[in-house]
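Residue numbers (our numbering): 1 to 111. In this text, a Cβ means the ideal position worked out from N, Cα and C, and glycines have one as well. Notes follow once the structure below has been shown.
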Ligand SMILES: [Cu+2]
């Protein structure tokens, strides 16, 4: 696995440090906070960056841990600042998890 881009990683993780220590650990605000959620990895080409909705539409490859075939779908992002670093047409490696509502990208790096 390639080295993570430190800027993107820090931007993606920044809210965790604030939230994780503030909440009752018996009832985590999101699976990311407790670290209990399965994290999945995929590669995808960015179809759309929607800064208003805070969503990223990706044409992604297979996700073996979810038995997903390749498809185009929208993901949430854990930190919307990640969207500022990405552009349409770019291919990224990304990690994501189900946050209880939508599949949400925790980190991404250029492929
Ligand atoms: Cu998908």
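Its Cα nearest to that of residue 38, the residue 98 stands out among 98, 79 and 44. Buried is the label assigned to residue 106, since at least 16 other Cβ atoms lie within 10 Å of its Cβ. Relative to the non-hydrogen atoms of ligand 1, the Cβ of residue 55 never comes closer than 6 Å to any of them. Note on geometry: alpha-carbon atoms of residue 92 and residue 100 lie some 24 Å from one another. Within the same chain, Cβ atoms closer than 6 Å to the Cβ of residue 103 are found at 75 and 96, the five residues on either side in sequence being excluded. In the structure shown, residue 99 falls within a coil segment according to DSSP collapsed to helix, strand and coil. The DSSP-derived three-state label of residue 39 is coil. Note: residue 83 is not bridge-paired with any residue in the DSSP secondary-structure output.
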